[in-house]
Amino acid sequence: MQRLLGRLASLRDRRGNVAVTTALVSPLILYCLGLGIDYGMMTLQQRRLQQLSDIGAISAASDIANAQTALLNNLQSNGTTAAVASGSSYMTSNGLVNAATANSGQYETVANLVLGTYTADTSIPLANRFSSTGTSPYDSVKVTLTQKAVMPFASAFATAPTLSATGTASSERLAAFSVGSRLASLNGGILNQLLGTLLGTQISLKVADYQSLVSANVNLLSFLNLLATDLKLTGVSYNQLLATDVTYDKLLGALGKSTNLSAGVVTLINNLGKTLGTTKLTVKLQDIVNLGPLGSNIVGTSPNLTATMNVLDLISATAMAANQQKQIALDLGAALPGVATAKLTLAIGEMSQQTPALAVGAPGTIVRTPQVRAALEVAVTGLSLIAGLKLRVPLYIELAPAEAKLASITCVGGSMPNAVVGIDAVPGVAEVDLGDVNTSAFVNFGSEPRVTPAAIIDSLLLKVIASAQVDIANMSPTRLNFQPSEISAGTIKTVSTSTVLTSTVSSLLKNATITIQLLILTIGTPSGVLSAVADTLSVVTAPLDQVLYGLLGLLGLGIGQADVSVTDARCTQPVLVQ
Numbered sequence: 220m221q222r223l224l225g226r227l228a229s230l231r232d233r234r235g236n237v238a239v240t241t242a243l244v245s246p247l248i249l250y251c252l253g254l255g256i257d258y259g260m261m262t263l264q265q266r267r268l269q270q271l272s273d274i275g276a277i278s279a280a281s282d283i284a285n286a287q288t289a290l291l292n293n294l295q296s297n298g299t300t301a302a303v304a305s306g307s308s309y310m311t312s313n314g315l316v317n318a319a320t321a322n323s324g325q326y327e328t329v330a331n332l333v334l335g336t337y338t339a340d341t342s343i344p345l346a347n348r349f350s351s352t353g354t355s356p357y358d359s360v361k362v363t364l365t366q367k368a369v370m371p372f373a374s375a376f377a378t379a380p381t382l383s384a385t386g387t388a389s390s391e392r393l394a395a396f397s398v399g400s401r402l403a404s405l406n407g408g409i410l411n412q413l414l415g416t417l418l419g420t421q422i423s424l425k426v427a428d429y430q431s432l433v434s435a436n437v438n439l440l441s442f443l444n445l446l447a448t449d450l451k452l453t454g455v456s457y458n459q460l461l462a463t464d465v466t467y468d469k470l471l472g473a474l475g476k477s478t479n480l481s482a483g484v485v486t487l488i489n490n491l492g493k494t495l496g497t498t499k500l501t502v503k504l505q506d507i508v509n510l511g512p513l514g515s516n517i518v519g520t521s522p523n524l525t526a527t528m529n530v531l532d533l534i535s536a537t538a539m540a541a542n543q544q545k546q547i548a549l550d551l552g553a554a555l556p557g558v559a560t561a562k563l564t565l566a567i568g569e570m571s572q573q574t575p576a577l578a579v580g581a582p583g584t585i586v587r588t589p590q591v592r593a594a595l596e597v598a599v600t601g602l603s604l605i606a607g608l609k610l611r612v613p614l615y616i617e618l619a620p621a622e623a624k625l626a627s628i629t630c631v632g633g634s635m636p637n638a639v640v641g642i643d644a645v646p647g648v649a650e651v652d653l654g655d656v657n658t659s660a661f662v663n664f665g666s667e668p669r670v671t672p673a674a675i676i677d678s679l680l681l682k683v684i685a686s687a688q689v690d691i692a693n694m695s696p697t698r699l700n701f702q703p704s705e706i707s708a709g710t711i712k713t714v715s716t717s718t719v720l721t722s723t724v725s726s727l728l729k730n731a732t733i734t735i736q737l738l739i740l741t742i743g744t745p746s747g748v749l750s751a752v753a754d755t756l757s758v759v760t761a762p763l764d765q766v767l768y769g770l771l772g773l774l775g776l777g778i779g780q781a782d783v784s785v786t787d788a789r790c791t792q793p794v795l796v797q
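Counting in this note's numbering, the sequence shown runs from 220 upward without gaps.
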């Protein structure tokens, strides 16, 4: 019996221990349950905060010029009171407040916004693709939101942590544009000589053929797709294709397969390819085209962006690229009326791969024409009033690159092209001289050739020494705005210097310094000699101008002028990128 009573007593003791233990552990259990509920609520709050930051970034990127206001309106529409950093103050629905007020707890959400640019390049680590170190125009927004965590249970004995979420959105704004100069006049013989010399062959195109090539446009992306197929390149990016050495016959072969060209133009291209035969002339298309963000895409996967060039521009630009940092010489005497002899020496500077004449890019992208030097020397017989003497006219032209910068893309909605494009253009600085120049130093673009007074008449009886210089400069950019309708129509706009020349030769003569030396026998008066020189030159002024403007126009260059065109522009909706 005693043993049984002992056992019963033991059971009573154990029941007491459980009750005591339960009483002691219950607060801890309730505390853990509270922490679990708080953690769950913080997780939901963090998830919602991330959603708010993502949506806010997209909203701000949609109106990047008013990003803070757009972000504030978006946060308020999503049911949260917010203060958005704006300089040293914070923007709220009640106006601007200072930092202390913004972080005092009156506002559920505090937002910080950073404008920058985003580079969609897989070779760059994801964390480094957004940059805030650049300057306007921006295309991306990084939004960081902070909130105090809601902790119904733990707040009684712990400080609520601060939750943070960051979202980055970018909107792609692209335009395809170019700078150059239209072919002002067509002289089949002269153009054949220049283009043939650049290509290393003889060309016999007629004026009508050149007109057909000028009127035919080719889509560059479609052309590059065809070229990659002909070169048997698969899985390469557009940038890799542009960096590939391409023989000129392969280039013309792909060009002739473009589907939008007429049968007549295709025949001209194919005939030109046959004329070249087995030429070893090669070119890298990156010297004339920069595809910007599209360049990293695999060939054949880029959007249908309309980046176009006319066929003659493509042929001449690639011919120039194949001859950069080289010097060529032409004998043009037979092609000019009223001229006994005419010789042209031409040097083409190195083309910049970062700023070729045609580009696809975002605001800030720059295109430039190449630097060119030309020396033209003509001789005219039958000097007026002084029969039998020969008049020699040596001209030197230095053309610095013309430049066009994509200044702005303003989205207007609707179908493509859906933007107004602003271009800041500066025509190339030009120096035109009447005088002798040493052409052996032409290719060295690091130094400027020395121009000396020239003996335009040099005989035993008479010597006339002349020199003149005309500088054409305009360093201030001119803003050209292209409306969507103008982009669709392929409108070309021209920017000119304030001193653009209608006649280069006559402008030189007006500024010429002339010294006359009469030897052995006096023939007339100095004024009579000047009159004779002027009368003779007036006959050849038009042909000389035609040569200068025609040859430079074939190369996409102009004296004191630059033509700018925008072939496409598009704005995409902002998307999350980080």
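The beta-carbon is built from N, C-alpha and C at its ideal position, and this holds for glycine as well. If you're wondering where the values come from, they're calculated on a predicted model, not measured in any experiment.
| query | What first and last residue would you give for the alpha helix (DSSP H) that runs through GLN430? | reply | Secondary structure note for GLN430: its alpha helix (DSSP H) is the uninterrupted segment 426-434.
| task | Quick one: grab the DSSP three-state call for GLU391. | result | coil
| said: If the criterion is Cβ atoms closer than 7 Å, does the pair ALA623 and VAL398 meet it? | reply: yes
| task | Classify ARG267 as helix, strand or coil using the three-state DSSP reduction. | result | Looking at ARG267 - three-state DSSP - the assignment turns out to be helix.
| query | Would you say the stretch 418-435 touches the stretch 558-574, given that touching needs at least three Cβ pairs under 8 Å? | reply | Result no; under three Cβ-Cβ pairs closer than 8 Å.
| Nonlocal neighbours in the same chain, by C-beta distance under 6 Å from LEU445, ignoring five residues either side | These residues qualify, in order along the chain: ALA473 and LYS476.
| Between VAL530 and TYR457, which are expected to be in contact by the criterion C-beta below 8 Å, what is the C-beta distance as a whole number of angstroms? | Contact doesn't hold; Cβ gap of about 20 Å is too wide.
| field | Sequence-distant residues of the same chain with beta carbon closer than 6 Å to GLY618, five excluded per side | value | It should be noted that the sequence gives Leu, not Gly, for residue 618. Cβ neighbours of LEU618 beyond the five flanking positions: VAL591, GLY647, ALA649 and LEU776.
| message | By the DSSP assignment, the alpha helix (DSSP H) with LYS469 in it spans what residues? | response | 467-474
| message | Measuring only the C-alpha atoms, how far is LYS361 from PRO344? | response | 17 Å
| task | Quick one: residues in its chain with C-beta nearer than 8 Å to the C-beta of ASN730, no 5 flanking neighbours on either side, listed in chain order? | result | ALA687, GLN688 and VAL689
| field | Continuous alpha helix (DSSP H) stretch holding LEU290: start and end | value | 286-296
| task | Tell whether a beta-carbon distance below 7 Å holds between ALA276 and THR387. | result | yes
| query | When the Cβ atoms of the stretch 318-330 are set against those of the stretch 291-301, are three or more pairs found closer than 8 Å? | reply | With the cut-off at 8 Å, the stretch 318-330 and the stretch 291-301 touch.
| query | Can you name, in chain order, every residue of its own chain whose Cβ lies under 7 Å from the Cβ of VAL485, other than the five neighbours on each side? | reply | GLY475
| Under the three-state DSSP convention, the category LYS545 falls into | strand
| Alpha carbon to alpha carbon, how far is LEU461 from GLU391? | 23 Å
| Same chain, Cβ closer than 6 Å to LEU770, five either side skipped, listed in chain order | LEU413
| query | When you compare each of LEU513, ARG266, SER481 and MET310 to ALA286 by their alpha carbons, which one comes out closest? | reply | Ranked by how close their Cα comes to the Cα of ALA286, the residues LEU513, ARG266, SER481 and MET310 have MET310 in first place.
| In or out: TYR768 buried (at least 16 other Cβ within 10 Å) or exposed? | Buried: at least 16 other Cβ atoms inside 10 Å.
| request: Kindly indicate which residue of ALA279, GLN264 and MET261 has the alpha-carbon position closest to the one of GLN792. | output: ALA279
| request: Would you tell me roughly how many angstroms separate the C-alpha atoms of THR732 and ASP652, rounded to the nearest one? | output: 12 Å
| field | Classification of ALA435 by the beta-carbon crowding that lies within 10 angstroms, buried from 16 upward | value | buried
| Contained beta strand (DSSP E) runs [length at least 3] in the stretch 565-638, N- to C-terminal order | 577-580, 585-587, 591-600, 609-618 and 622-630
| Do the CB positions of LEU417 and ASN542 come within less than 7 Å of each other? | yes
| Assuming ARG587 contacts ALA626 under a Cβ cut-off of 8 Å, what Cβ separation, rounded to an integer in Å, is found between them? | No, ARG587 and ALA626 are not in contact; Cβ-Cβ is about 15 Å, not under 8 Å.
| Going straight from the alpha carbon of THR365 to that of ALA578, what length do you get? | 41 Å
| request: Would you kindly work out how many angstroms separate the C-alpha atoms of GLN270 and GLN264, rounded to a whole number? | output: 10 Å
| Complete beta strand (DSSP E) runs within the stretch 315-391 (minimum length 3 residues, chain order) | If we require 3 residues or more, the beta strand (DSSP E) runs fully inside the stretch 315-391 come out as 328-337, 359-367 and 381-389.
| Can you tell me the Cα-Cα spacing of GLN765 and TYR337, whole angstroms? | 47 Å
| said: Helix, strand or coil, according to DSSP, for ALA817 in the structure here? | reply: Because the chain is modelled from 220 through 797, residue 817 falls outside the range shown and cannot be assessed.
| task | Specify the secondary structure class of LEU795 as computed by DSSP and reduced to three states. | result | strand
| request: Report the three-state DSSP secondary structure of ALA761 (helix, strand or coil). | output: helix
| Residue range of the unbroken alpha helix (DSSP H) whose run includes ALA731 | Note, ALA731: premise wrong, no alpha helix (DSSP H); not H, not E.
| message | In the DSSP output, what is THR713 paired with across the bridge? | response | ASP782
| Residue environment, GLN573, which counts as buried when at least 16 other CB atoms sit within 10 Å | Classification for GLN573: exposed.
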